[in-house]
Amino acid sequence: MACYILIFALLFFSWAPFLALAQPFKAVNLGNWLVTEGWMKPSLYDGIPNNDLLDGTQVQFLSTKLQKYLSSENGGGTVLVANRPSASGWETFRLWRFNETHFNLRVFNKQFVGLEDQGNKVTAVSDTVGNSQTFQIIRNNDDRNLVRLQTSNGQFIQASSETVVTADYVGSGWNDSDPSVFKMTIVNSLQGEYQLTNGYGPERAPQVLQDHWNSYITEEDFRFMSENSLNAVRIPVGWWIASDPTPPKPFVGGSLKALDNAFTWAQKYGMKEWGESNIQETVAVIDFLAERYADKPGLAAIELMNEPMAPGVNLDTLKKYYQAGYDAVRKHSENAYVILSNRLGPADSKELLSFASGLKRVVIDVHYYNLFSDSFNSMNPQQNIEYIYNQRASALATVTTTNGPLSFIGEWTGEWAVSGSINARLPELRQGSTGCVWACHIWMGILGLSVCSQPLESQMDD
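Following my numbering, the numbering of the sequence shown begins with -10 at its first residue and continues without gaps.
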């Protein structure tokens, strides 16, 4: 199934107890360690066969004979046709990857393409998948964008006319006039841990991830960070960590041991840590992690979610979830901070203040990027810096109130569209933050801080 991972976070520290979690925290995000993110290390996916067709990839199929796109009529619930001169939602199919060559095709209304009553008529009416809804994508050796779709009956889907799409072609040619040949366009793709483990499969994925966990972040990184004035780390974790060592498939066990190592290293080098997980099992996972690490001197905080998006995430629903997550933490720890991520998108940055003010040891997390808006492209380095001093400082002040929750710049980036200017920004960010803590998005093992170029994915699709 296609999966987008929502994330929550823990902040761990390991100073002597009498320091009472001294502030400010200067943190770095250990992204792509215990939750893999393809944009941060694309080479992790290089060994996957057909790695451009990972689970969740969206594709479109153009009939080379008709020069029209396959379409799920009405978005699903009826037949497939091949009569669209251009492609949009109804002409887009999401891949559910069964193995490296076999896929289910999900349409706009979330039904699956299949054969009607085991016959040869191609429809999109099923809410479940089986042999009749599983297709082998056969790619042309000379042009991998040319494909044929073989069905469970051994024959191929063909568009014999704009209104007749059937699964009864038995030829083997690749001519443009062949009704079973389609030009496949990849519209969108995903590279998360689900895609990684699903792509490698149960035989190879455990070793691939074990090698990654053992090498991507090591004890030496913690020592180096500590020696360079960082006193905290932010560690994303997947919701499946609560089921380690036997998480639900396709995920593989082992990340919990790596997280245990992080606590040990943090305590050894006088640091604290912070990690993350998924929304479906969030409260149970929060409870699990809070109970497991509550007595560790390195546990500073637990962030309940990373970057909920407005308007997709309703504010009232988010508050109910935050309350449940807060209660789960407080079952096991009175001292750990609970961090609440502000919604991204069209949302009021102050919308959590009144809610958070009624809770103990709570922090509001905000993320600032001079990268994902065209308004920054025309600014020179000094103008970007002045923006931080003025507009960013003003924005941060709105979520920093007397006797209210603390503030936390949970993610920022040193990269923007001005070449060679990252070093000019670091001192300003160090001076400009207030309240609890700041954290660069990515740890790369050089000079303590490095570039973070985009926020974590925060959507879920089943």
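Idealized CB from N, CA, C, for every residue including glycine.
Note that the coordinates shown come from a computational prediction; the quantities given were computed from them, not determined experimentally.
Taking C-alpha positions only, Leu19 is separated from Ser367 by approximately 31 angstroms. By the criterion of at least three beta-carbon pairs nearer than 8 angstroms, the stretch 26 to 41 is in contact with the stretch 181 to 190. A check of alpha carbon separations from Trp22 across Leu341, Tyr258, Gln122, Pro225 identifies Pro225 as the nearest. As the crow flies, the alpha-carbon of Arg137 is around 5 angstroms from that of Val170. Residue pairing by DSSP places Phe145 opposite Gln139, Tyr158 in a beta bridge. By the neighbour-count criterion, in which a residue is buried when 16 or more other Cβ atoms sit within 10 angstroms of its Cβ, Thr271 is buried. Looking only at Val327, Thr389, Ser383, the smallest Cα-Cα distance to Leu342 is reached by Thr389. Rounded to the nearest angstrom, the gap between the Cα atoms of Asp44 and Lys238 is 13 angstroms.
When only Cα atoms are considered, Asn303 and Asn295 end up about 15 angstroms apart. Assignment of Ile37 by DSSP, reduced to helix, strand and coil, places it in the coil class. In the three-state reduction of the DSSP assignment, Asp167 falls in the coil class.
When Gln56, Gln147, Lys54, Ser77 are compared, the shortest CA-CA separation from Glu62 is found for Ser77. Counting C-beta pairs closer than 8 angstroms gives fewer than three between the stretch 154 to 173 and the stretch 195 to 214, which falls short of the contact rule. For Tyr315 against Leu348, the beta-carbon gap comes to about 6 angstroms, under 8 angstroms, which counts as contact.
Going by beta carbons, Val96 and Met173 fall outside the 8 angstroms limit. In this structure, the beta-carbon distance from Gly287 to Phe344 does not fall below 8 angstroms. When Ser346, Asn39, Lys246 are compared, the shortest CA-CA separation from Asn130 is found for Asn39. Taking a cut-off of 8 angstroms on C-beta distances, the stretch 81 to 88 does not touch the stretch 211 to 223, as fewer than three cross pairs fall below it. Between Ala289 and Phe14 the beta-carbon gap is near 7 angstroms, inside 8 angstroms, which marks them as a contact.
In the three-state DSSP reduction, Thr112 falls in the strand class (E or B). Take Leu55, set aside five residues on each side of it, and the residues of its chain with a beta-carbon closer than 7 angstroms to its own are Ala71, Ala148, Glu151, in chain order. For Tyr258, no alpha helix (DSSP H) run applies, since DSSP gives it neither H nor E. Note on geometry: alpha-carbon atoms of Lys99 and Asp157 lie some 25 angstroms from one another. No Cβ-Cβ contact shorter than 8 angstroms links Phe277 with Ala325. Around the beta carbon of Lys285, 16 or more other beta carbons sit within 10 angstroms, so the residue counts as buried. Non-local beta-carbon contacts of Trp254 in its own chain, meaning distances under 6 angstroms to residues more than five positions away in sequence, involve Glu208, Phe211 in chain order.
When rounded, the separation of the alpha-carbon atoms in Gln180 and Tyr357 is 24 angstroms. Take Asn93, set aside five residues on each side of it, and the residues of its chain with a beta-carbon closer than 7 angstroms to its own are Trp85, Phe87, Phe101, Val118, Gln122, Thr123, in chain order.
If you keep only unbroken beta strand (DSSP E) runs of at least 3 residues inside the stretch 186 to 218, you get nothing at all. Between Met214 and Met260 the beta-carbon gap is near 7 angstroms, inside 8 angstroms, which marks them as a contact. The three-state reading of DSSP puts Leu248 in helix, counting H, G and I together.
DSSP lists no bridge partner for Ser343. Straight-line measurement puts the Cα of Tyr258 at about 35 angstroms from the Cα of Ser383. Between Ile127 and Gln139, the C-beta gap is smaller than 8 angstroms, which places the two residues in contact. In this structure, the beta-carbon distance from Trp202 to Gly243 falls below 8 angstroms.
CA-CA distance, Glu340 to Val351, rounds to 14 angstroms.
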